[in-house]
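Some notes on the structure that comes next.
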Amino acid sequence: MSDERIWTAAVLVIGDEILSGRTQDKNVSQIATWLEVQGIRLREVRIVPDVEDEIVDALNAIRARYDYVFTTGGIGPTHDDITVDAVAKALGVGVVIHPAARAILERYYAARGSELTEARLRMARVPDGADLIPNRMSGAPGIRIGNLFVMAGVPHITAGMLDALTGELEGGAPLVAHTIGAWAPESEIADLLRQGEKDYPGVAIGSYPFFREGKTGANFVIRSTDGDQVAACVAMLIAGFEALGYAVTDGGI
């Protein structure tokens, strides 16, 4: 299993509103979860402002390092939606109106008794040579060019674009994950967790402590591409917790 090709991805979150704290990002979590099902590991996340050169620099830094790069934000109809321009600049290509994107938008707005204004037409702009990612939520498509996937910043629209990409990307074996929880301080079970990863080399154990109701506890996520290894490691950990006097809650606390 360790010799399997591991497919990797990065997410570039674009938007002043994220960096200012006015908007809380929800896309990274859903993209990460979706990638795991596709057999692709999310390795890096960056957040950059709506500044073209900073977007270009970030894209150039990560697109050669990972199999896939996803961007979110900056593809709407307003003047500060500059992601398409930045992607085109990073790739050294021009920006064009995609005829299929224009037709999609014309139909979308006509069905609502409206017109495709110059501002709305901006959502049909793509880097030259790009393909479209269907968007069943709001009409305006996402963009796919090379290993770059340019997606909306609005989470439910991003979710629709991910649905359209499901099964379209080459990946490896999907991760299997199992969560257990216990009212146990990490310091009391750290050796047991280390032993679990030692006994099951293909397994990763994540420990996520919390303090609730005046008590210390933690949830533990056991992950691997091998479901049998996950099950065996979970059984070993449960037995170890119980031997130390800690009851285990399957699925987490």
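For the sequence shown, the UniProt record's numbering gives the first residue as 1, with consecutive numbering after it. Idealized CB from N, CA, C, for every residue including glycine.
{"Query": "Can you list, in chain order, the residues of its chain with a C-beta nearer than 7 angstroms to that of Asp-85? Leave out the 5 residues immediately preceding and following it.", "Result": "Glu-52 and Val-95"}
{"Query": "If you run the structure through DSSP and keep just helix, strand and coil, what is Lys-26?", "Result": "coil"}
{"Query": "Rounded C-beta distance between Val-69 and Ala-10? I'm assuming under 8 angstroms.", "Result": "5 angstroms"}
{"Query": "Give me, in chain order, the residues of the same chain whose beta-carbon lies closer than 8 angstroms to that of Pro-155; leave out the 5 immediate sequence neighbours on both sides.", "Result": "Lys-26, Asn-27 and Gln-30"}
{"Query": "For residue 280, write down the residues that DSSP places opposite it in a beta bridge.", "Result": "Nothing can be reported for residue 280: it is not among the residues displayed for the chain, which extend from 1 to 253."}
{"Query": "Please work out which residues of its chain come closer than 7 angstroms, Cβ to Cβ, to Thr-83, disregarding the five sequence neighbours upstream and downstream, and give them in chain order.", "Result": "Ile-14, Ile-55, Thr-71, Gly-73, Gly-74, Ile-75 and Val-150"}
{"Query": "Which one of Ala-218, Arg-112 and Leu-169 has the shortest CA to CA distance from Trp-34?", "Result": "Leu-169"}
{"Query": "Output the boundary residues of the beta strand (DSSP E) element that contains His-178.", "Result": "176-182"}
{"Query": "Express the C-alpha separation of Leu-116 and Pro-127 in angstroms, rounding to a whole number.", "Result": "20 angstroms"}
{"Query": "Do you know how far the Cα of Asn-135 is from the Cα of Ile-253?", "Result": "36 angstroms"}
{"Query": "Which residue comes first and which comes last in the beta strand (DSSP E) that contains Pro-209?", "Result": "204-212"}
{"Query": "Would you kindly work out how many angstroms separate the C-alpha atoms of Ala-204 and Val-45, rounded to a whole number?", "Result": "20 angstroms"}
{"Query": "Are the segment 159-173 and the segment 205-214 touching, with three or more C-beta to C-beta distances below 8 angstroms?", "Result": "no"}
{"Query": "Quick one: residues in its chain with C-beta nearer than 8 angstroms to the C-beta of Gly-227, no 5 flanking neighbours on either side, listed in chain order?", "Result": "Val-176"}
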